[in-house]
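> The structure follows.
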Amino acid sequence: MCIRDSNEHIYSYNSVVQKGEHVMALNLRICIIVVSILFLFFVLRRIRKAQMQISDSLFWIIASIVFVIIGIFPQIVIWLSKITGVQSPANLVFLMIIFVLLLRIFNLSCKLSSTENALHSLAEQYAVDHKLTKKKDE
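Our numbering numbers the first residue of the sequence shown as 292 and each following residue consecutively.
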């Protein structure tokens, strides 16, 4: 919650912010930190149980660490929001999350296409080998 005084200062979470400056809400920062740490433990648990490959999990580990850093040091996001012209640091955080997820979806689509092509080639090779084996047996 922010309070304004007659001198156009904004008081937010025990700090004074000049008019026009941005702050990242404390509850958003706490949420980012907690969710990122929980997610990091979830990914590490999946790796330990061999339910996830390390190469795939590396993306999520790095993303979690970056979001923990953003939660701890919101000045980074505030500075980036000023440079990019994004209205609010919170909007920039959500934009970053959307962008990261779009990159991941694109990467997974590329992997899926490659896997489908490999599966198709393998099925064709299996069919040819199976037919040759049947001819030999006859």
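For every residue, glycine included, the Cβ atom is placed at its ideal position computed from N, Cα and C.
Note that the coordinates shown come from a computational prediction; the quantities given were computed from them, not determined experimentally.
Closest to Val368 by C-alpha separation, out of Val359, Pro380, Val357, Arg395, would be which residue?
Within the sequence shown, the letter at position 77 stands for residue 368. Selected option, being the one with the closest Cα: Pro380.
> In angstroms with no decimal places, state the Cα-to-Cα distance between Leu371 and Gly362.
Residue numbering aside, residue 371 sits at position 80 when the sequence shown is read from its first letter. Residue numbering aside, residue 362 sits at position 71 when the sequence shown is read from its first letter. Distance between the alpha carbons of Leu371 and Gly362 is about 14 Å.
> In this structure, does DSSP put Gln344 in helix, strand or coil?
Along the sequence shown, one-based indexing puts residue 344 at 53. DSSP places Gln344 in coil when its eight states are reduced to three.
> Assign Ile389 to one of two classes, buried (16 or more other C-beta atoms within 10 Å of its C-beta) or exposed (fewer than that).
The count along the sequence shown starts at 1 and reaches residue 389 at position 98. Ile389 is exposed by the Cβ-count criterion.
> Can you tell me the Cα-Cα spacing of Ala316 and Gln366, whole angstroms?
Here residue 316 corresponds to residue number 25 of the sequence shown, with the count starting at 1. Here residue 366 corresponds to residue number 75 of the sequence shown, with the count starting at 1. Rounded to whole angstroms, the separation of the alpha carbons of Gln366 and Ala316 is 12 Å.
> Using a 10 Å radius around the Cβ and a threshold of 16 neighbouring Cβ atoms, would you call Leu410 buried or exposed?
Here residue 410 is taken as the residue at index 119 of the sequence shown, counted from 1. With fewer than 16 other Cβ atoms within 10 Å, it is exposed.
> Cβ atoms of Val326 and Phe358: under 9 Å apart, would you say?
As a position in the sequence shown, residue 358 is number 67, starting the count at 1. As a position in the sequence shown, residue 326 is number 35, starting the count at 1. Yes, the pair counts as a contact, with Cβ atoms nearer than the cut-off.
> With respect to the alpha helix (DSSP H) encompassing Ser379, which residues constitute its N-terminal and C-terminal limits?
In the sequence shown, residue 379 corresponds to position 88, counting from 1. Element bounds for Ser379: n/a, residue is neither H nor E.
> Does DSSP put Glu429 in a helix, a strand or coil?
Residue 429 sits at position 138 when you count from the first residue of the sequence shown. DSSP places Glu429 in coil when its eight states are reduced to three.
> Quick one: is Val334 buried, meaning 16 or more other Cβ sit within 10 Å of its Cβ, or exposed?
Here residue 334 refers to the residue found at position 43 of the sequence shown. With 16 or more other Cβ atoms within 10 Å, it is buried.
> What residues in its chain sit with their C-beta under 8 Å from that of Ile328, if we drop five residues either side in the sequence?
Position 37 of the sequence shown, counting from 1, holds the residue named residue 328. The answer, listed in chain order, is Ser355, Val359.
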